[in-house]
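The numbering of the sequence shown is our numbering, which starts it at 1 and goes up by one.
For each residue, glycine too, the CB sits at the ideal point set by N, CA and C.
Presented below is the structure to which this report refers.
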Amino acid sequence: MPDAEQSDPERSDAGKSDHPQANRREFLTGKSLLKQVAAAGDALADELLAGDSVASPFHAGPTIRLGSRAMACEFDVIFNPHTAGGLAIASEVLTLVDQLEDQMTVYRDESELSRLNRLAPQQPVPVEPRLFELLQRAKSLAEETGGAFDPTSGPLVALWNRCKQELRLPAERELADTLASCGIRYLEFHPEDSSLAYTHSAVSLNLGAIG
């Protein structure tokens, strides 16, 4: 992301759970990790059904809710307090969400995407295979939509954030100059080692519209 001071709208320090493992973060970082999230949810559902196996109707009762905020969204897992292993499964789900945010956010210097934005203008940068798969999917979507979807919109996001802080709209010249540094054509994919390079020094990926 360009050097503009930004606040992170994607998360809040006010978590909803007192459990130490219930932190936050990815959404679409790849099919395999999504399957892990789905599997954890299925496991929790199986536990809930198993706990009610004594042919009795469902009754309203106390529940446990673990939640956190990530990627500008609220994530909650609600389960029966008598569910065996429910707390561990819910914590695992939220931990996976946290891992996804840590990988794809542009609001943390240490995230994998921030590292890519920093280094890719100088050299090809290897990324985690599932993230590489997501970026390839983003490239396909950009091509299919004729650029209406553009994962290289990082410079535009930075411009609008800066103008928001200055209480003004971007000037036409600012928009034109910034748009010149956006475009999927500036991304160079290397599937052999899951690496990516930028062919324009001002390119910056922002996955807010897909991740």
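Quick one: is residue i buried, meaning 16 or more other Cβ sit within 10 Å of its Cβ, or exposed?
i	result
E166	exposed
I89	buried
T145	exposed
G85	exposed
A176	exposed
Could you compute how far the alpha carbon of residue i sits from the alpha carbon of residue j?
i	j	result
H200	H82	56 Å
L113	G61	43 Å
T178	Q99	31 Å
C163	D76	34 Å
A43	R168	50 Å
D102	S111	5 Å
F132	W160	27 Å
G67	T95	10 Å
M104	A39	22 Å
A202	E74	32 Å
R108	R115	9 Å
R65	L87	9 Å
Excluding the 5 residues flanking residue i on each side, which residues of the same chain have their C-beta closer than 8 Å to its C-beta?
i	result
T63	I78, F79, N80 and P81
Measuring CA to CA, which of the options is closest to residue i?
i	options	result
S181	P155, L169 and R162	P155
H190	P126, Q103, R137 and V106	P126
G183	V97, R137 and G147	G147
S153	V106, E188, R115 and L134	V106
D193	P124, A202, E74 and S91	P124
E188	A171, R65, P170 and L135	L135
Please go through the same chain and pick out, in chain order, the residues whose beta-carbon is closer than 6 Å to the beta-carbon of residue i, but skip the five residues on each side of it.
i	result
Y198	A120, P121 and Y186
Hey, would you say residue i sits closer than 8 Å to residue j, going by beta carbons?
i	j	result
A142	P129	no
S204	N117	yes
V97	A70	yes
L207	A138	yes
Within 8 Å of any Cβ in chain D, is that where the Cβ of residue i sits?
i	result
P129	Structure shown: chain D not included; a single protein chain is present.
Could you pull out every residue in the same chain whose Cβ sits closer than 7 Å to the Cβ of residue i, ignoring the five residues on either side in sequence?
i	result
F149	L141, A142 and A209
E174	L159
Measuring only from the beta carbon, is residue i closer than 7 Å to any heavy atom that is part of the ligand NAD?
i	result
G183	Questions concerning the ligand NAD fall outside what the structure shown contains, since it holds no ligand whatsoever.
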